[in-house]
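Notes follow the structure.
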Amino acid sequence: MPLEQATVPVEDRGYQFADAVYEVVRTYRGRLFALDEHLARLFRSLDAIQIQHPYTVDQLKSLIGEAIQRAGFAETMVYIQISRGVAKRHRGVPAGCEPMFVMTVRAVPDSRPLRERGATVITVPDNRWSRCDIKSVALLANVLAYQAAKHAGATDAIFIADDGTINEATAANVFIIRNGELLTPPEGPKILSGITRGKILEAARAAGLPAAERRVTKAELIGADEAFLCSTTAEVVPIRSVDGQKIGTGPLAARIYDQFIRMFAS
Ligand code: PDD
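For the sequence shown, my numbering gives the first residue as 114, with consecutive numbering after it.
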């Protein structure tokens, strides 16, 4: 149905408590990119917050496939949200609360202008909760950090851990390049393990570039030869400056992006 006609009950627990998880998947050349990885992460998120859902991987695949067929866009972005369901507003979950499944389908926004322009970022203290590996819809800290970036005239914000190392941006993972080596913070509760991040690591290694997952300090980010953000929708966006300090924009981010497209999107 048209998006503006779709409604959710006021007492959906996703609306009341952010008691819900989500995924964003996209197509390249009309084919869903890394769907198995996205659905595996969705199931991990659901398990992590103990939502017992009735869907199999195959059922979700066929629902998503049908949605993109019916929408008829050249390239499609699908947002899936599963909440714990609808119940009288109380933090306790009543027996028989059935998960609510919502899917919205849009054309993929064009990432090229931002990829070409590059991002300016600010850094902000990471004031999110301690399970950022769950793709939860509780994104208030991300919204406020993004607003702070806009207020400062920047593109995005990067969350900095208490020890001065970087975690991730408000809806993207971060890589730096130093002496020809890619570095990105390791998987764990401080970041959402991006599907794009995983594919970028594969693409870099295939292109013969060493890549390591380790903590990266803010000073290393600012002193990097290059750095970039990556996500399903942004793809690979070079970072031009951090807190107003210019950082290098060399050729490697573009080379990795080309390799990524060659391997997974063509
Ligand atoms: N967000 N980190 C955070 C906090 C994110 O919200 C996202 C993606 C990523 C990158 O994950 P992936 O490569 O799997 O897209 C990292 C989606 C795109 C969103 O919220 O719209």
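Ideal Cβ positions, reconstructed from N, Cα and C, are used throughout, including at glycine.
This one's a predicted model, so the numbers in the text were calculated from it and none came from an experiment.
At least 8 Å separates the beta-carbon of T278 from that of V234. For M114, there is no enclosing beta strand (DSSP E), as DSSP gives it neither H nor E. Bridge partners of C245 according to DSSP: none are assigned. When DSSP states are grouped into helix, strand and coil, F214 belongs to the strand group. Listed in chain order, the non-local C-beta contacts of V137 below 6 Å within the same chain comprise Y192, T345, local neighbours out to five positions each way being set aside. In the three-state DSSP reduction, V256 falls in the helix class (H, G or I). In the three-state reduction of the DSSP assignment, E315 falls in the helix class.
Closest in alpha carbon position to L252, among M114, E117, Y135, S224, is Y135. Assignment of alpha helix (DSSP H) within the region 138-175, counting only whole runs of 4 or more residues, yields 148-161 in chain order. Residue state for T236 is assigned as strand, using DSSP reduced to three classes. Look at E281 here: in three-state DSSP terms it is strand. Two segments are said to touch when three or more pairs of C-beta atoms, one from each, lie closer than 8 Å; by this definition the region 149-167 does not touch the region 215-229. Of the residues E315, L116, G361, A367, the one whose Cα lies closest to the Cα of L334 is G361.
Taking 8 Å as the cut-off, the Cβ atoms of E281 and I304 count as close. If you check the CB distance, I369 and A284 do not come in under 8 Å. A distance of 8 Å or more separates the beta carbons of A347 and S249.
Going by C-alpha positions, A265 is about 12 Å away from V355.
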